[in-house]
Amino acid sequence: MEEKVIKFEDVFRVENSKRVKVKFNMNPDDRTIPAWDLLRKDDDRWLEMNEWKAFRNANNNLEDADYLLAFAQYYPYGSNYYIFGGFYEVVEKRDTKNGRGYTLKLLDKFSEYRKRLIVKLNKPVGQSYNLYYDTVISKEAIVYEIAPAVKAGEFTGYTNFCLTHEELQTIFKGNAKKWELALSRVKGIYCIIDKSDGQIYIGSASDDSQGIWGRWKSYADVNNLTGGNKAFEEMKKEGSDRIINNFTYSILEIFDMRTDREYIINRENHWKEVFKTREHGLNKYELQKRHSD
6 MEEKVIKFED VFRVENSKRV KVKFNMNPDD RTIPAWDLLR KDDDRWLEMN EWKAFRNANN
66 NLEDADYLLA FAQYYPYGSN YYIFGGFYEV VEKRDTKNGR GYTLKLLDKF SEYRKRLIVK
126 LNKPVGQSYN LYYDTVISKE AIVYEIAPAV KAGEFTGYTN FCLTHEELQT IFKGNAKKWE
186 LALSRVKGIY CIIDKSDGQI YIGSASDDSQ GIWGRWKSYA DVNNLTGGNK AFEEMKKEGS
246 DRIINNFTYS ILEIFDMRTD REYIINRENH WKEVFKTREH GLNKYELQKR HSD
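According to my numbering, the sequence shown is numbered sequentially starting from 6.
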């Protein structure tokens, strides 16, 4: 049975297509920084790329547009693949040469596809990478893939990620088998950072039969969030928003599942000393307990 092709216009339906442009971002001025890396982290340079007004190439500007569909080249798949980065309203146009000549406002429309939907172009973008909507249709763009949020289905390595809480939830709620398989195969030392104040928590998965996957389940669960950590429990008393909106999760070291618990705890203590998380971070209740013993 022939698989049905989903065309670009089948998903991204807009009114007055002649006032909508589609931008296929590859790199900022620094060609060593892929646009997808900036989009994935919601780096301000992602927005800057889309708000940029070029003096020499007016075809790539937004003077005749009211809205912008922004994409980033998804380099793991190839040069003709682009992941969706948002639907923006052009709310201001400034008389600027080679600078941020526009103010863009991210809209809710198509938000369910942001950082998830990948399109494939059957014809290269060329030098004009900011195209009118109807021109994109002529390039026979199709929907290639709709992935779990933030490409959660793509496990890129144990020390190559820093997950937001939203991403952590997505992995545990979605069908992210690659993540589950990888994280349940290892024990390890992990790092949780509160972006609101920069405080760090160092923890370990040292004896759970499901490795890091089993330990992080409680953090991902919005009805738990704390994993039994005293500092997190104190935060949660004031509401869950601080944890959900500010916590990030990454791995410092991994160990074979047969590694002795004592060895892992010693390594955990090493990292707590390195980052001084008992004195200045979110392991502070351990220090209080030690002083009371």
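Just so you know, even glycine gets a beta-carbon here, dropped at the ideal spot from N, CA and C.
inquiry  = Quick check: the Cα distance between residue 203 and residue 165, rounded to an integer number of angstroms?
reply    = Residue 203 sits at position 198 when you count from the first residue of the sequence shown. Residue 165 sits at position 160 when you count from the first residue of the sequence shown. Approximately 20 Å, taken between the alpha carbons.
ask   = Going by Cα to Cα distance, which pick from 74, 50, 230 is closest to residue 113?
value = On the sequence shown, position 108 is the one that residue 113 refers to. When C-alpha distances from residue 113 are compared across 74, 50, 230, the shortest belongs to 74.
inquiry  = Taking the straight line between their C-alpha atoms, what separation do you get for residue 251 and residue 171?
reply    = Here residue 251 refers to the residue found at position 246 of the sequence shown. Here residue 171 refers to the residue found at position 166 of the sequence shown. Distance between residue 251 and residue 171, taken at the CA atoms: about 10 Å.
inquiry  = Let's test the definition: count the other Cβ atoms within 10 Å of the Cβ of residue 18 and tell me whether it reaches 16, buried, or not, exposed.
reply    = As a working mapping, residue 18 is identified with position 13 in the sequence shown. By the neighbour-count criterion, in which 16 or more other beta carbons inside 10 Å mark a residue as buried, residue 18 falls on the exposed side.
request  = Tell me whether residue 22 sits in a helix, a strand or coil according to DSSP, three-state version.
outcome  = Residue mapping note: residue 22 aligns to position 17 of the sequence shown, counting from 1. Shown here, residue 22 sits in a helix according to DSSP, grouped into three states.
ask   = Counting pairs of Cβ atoms below 8 Å between the segment 84 to 92 and the segment 112 to 126, do you hit three or more?
value = Flag = yes, the segment 84 to 92 and the segment 112 to 126 touch.
ask   = Under the three-state reduction of DSSP, which class applies to residue 296: helix, strand or coil?
value = Here residue 296 refers to the residue found at position 291 when the sequence shown is read from its first residue. Low confidence applies to residue 296: its pLDDT is 45, below 50, so where it sits in the model is not reliable, and the reading given next is rough at best. In this structure, DSSP gives residue 296 a helical state, which the three-state scheme calls helix.
ask   = When DSSP labels each residue in this structure, what does residue 215 get in the three-state scheme?
value = Counting from 1 along the sequence shown, the entry for residue 215 is found at position 210. Coil, per DSSP.
request  = Note the first and the last residue of the continuous beta strand (DSSP E) segment covering residue 112.
outcome  = Residue mapping note: residue 112 aligns to position 107 of the sequence shown, counting from 1. Neither: residue 112 is in no beta strand (DSSP E) and is coded neither H nor E.
key: Straight-line gap, residue 198 to residue 205 (C-alpha atoms, nearest Å)   = Looking up residue 198 in the sequence shown gives position 193. Looking up residue 205 in the sequence shown gives position 200. Cα-Cα distance, rounded: 5 Å.
message = Quick check: residue 194 and residue 288, are their CB atoms within less than 8 Å of each other?
response = Numbered from its first residue, the sequence shown carries residue 194 at position 189. Numbered from its first residue, the sequence shown carries residue 288 at position 283. Taking 8 Å as the Cβ cut-off, residue 194 and residue 288 do not qualify as a contacting pair.
key: Which of helix, strand or coil DSSP assigns to residue 250   = As a first step, residue 250 must be located in the sequence shown, where it is residue number 245. In this structure, residue 250 counts as helix in the three-state DSSP scheme.
query = Is residue 292 near residue 196, with beta carbons less than 8 Å apart?
reply = Along the sequence shown, read from residue 1 onward, the residue named residue 292 stands at position 287. Along the sequence shown, read from residue 1 onward, the residue named residue 196 stands at position 191. Taking 8 Å as the Cβ cut-off, residue 292 and residue 196 do not qualify as a contacting pair.
query = Expressed to the nearest angstrom, what Euclidean distance is found between the alpha-carbon atoms of residue 263 and residue 269?
reply = The residue you call residue 263 lines up with position 258 of the sequence shown. The residue you call residue 269 lines up with position 264 of the sequence shown. Rounded to the nearest angstrom, the two C-alpha atoms are 11 Å apart.
request  = Could you tell me which residues DSSP puts in a beta bridge with residue 78?
outcome  = For the purposes of this step, residue 78 is taken as the residue at position 73 of the sequence shown. In DSSP, residue 78 forms a bridge with 87.
key: Same chain, Cβ closer than 6 Å to residue 50, neighbours up to 5 away in sequence not counted   = Walking along the sequence shown from the start, residue 50 turns up at place 45. Contacts found: 33, 43.
task = Could you say which of 144, 279, 38 lies nearest to residue 77 if we only look at CA atoms?
result = Working through the sequence shown from its first residue, we reach residue 77 at position 72. Ranked by how close their Cα comes to the Cα of residue 77, the residues 144, 279, 38 have 38 in first place.
ask   = What do you get for residue 161, buried or exposed, if any count of 16 or more other CB atoms within 10 angstroms of its CB means buried?
value = In the sequence shown, counting from the first residue as 1, residue 161 sits at position 156. Exposed, because fewer than 16 other Cβ atoms sit within 10 Å of the Cβ of residue 161.
query = Short check: CB of residue 13 to CB of residue 148, under 8 Å?
reply = The sequence position of residue 13 within the sequence shown is 8, counting from 1. The sequence position of residue 148 within the sequence shown is 143, counting from 1. Cβ distance < 8 Å, so residue 13 and residue 148 count as in contact.
inquiry  = Just checking residue 232 against the ligand MN - is the residue's beta carbon closer than 7 Å to any of the ligand's heavy atoms?
reply    = Here there are no bound small molecules, and the ligand MN is not part of this structure.
request  = May I ask which residues mark the beginning and end of the beta strand (DSSP E) holding residue 271?
outcome  = By 1-based counting over the sequence shown, the position of residue 271 is 266. No beta strand (DSSP E) holds residue 271; the alpha helix (DSSP H) holding it covers 266 to 280.
query = For residue 169, which of helix, strand or coil comes out of DSSP?
reply = The sequence position of residue 169 within the sequence shown is 164, counting from 1. Three-state result, residue 169: strand.
key: Burial state of residue 101, where buried means 16 or more other Cβ atoms lie within 10 Å   = On the sequence shown, residue 101 is found 96 positions in, with the first residue counted as 1. Residue 101 is exposed by the Cβ-count criterion.
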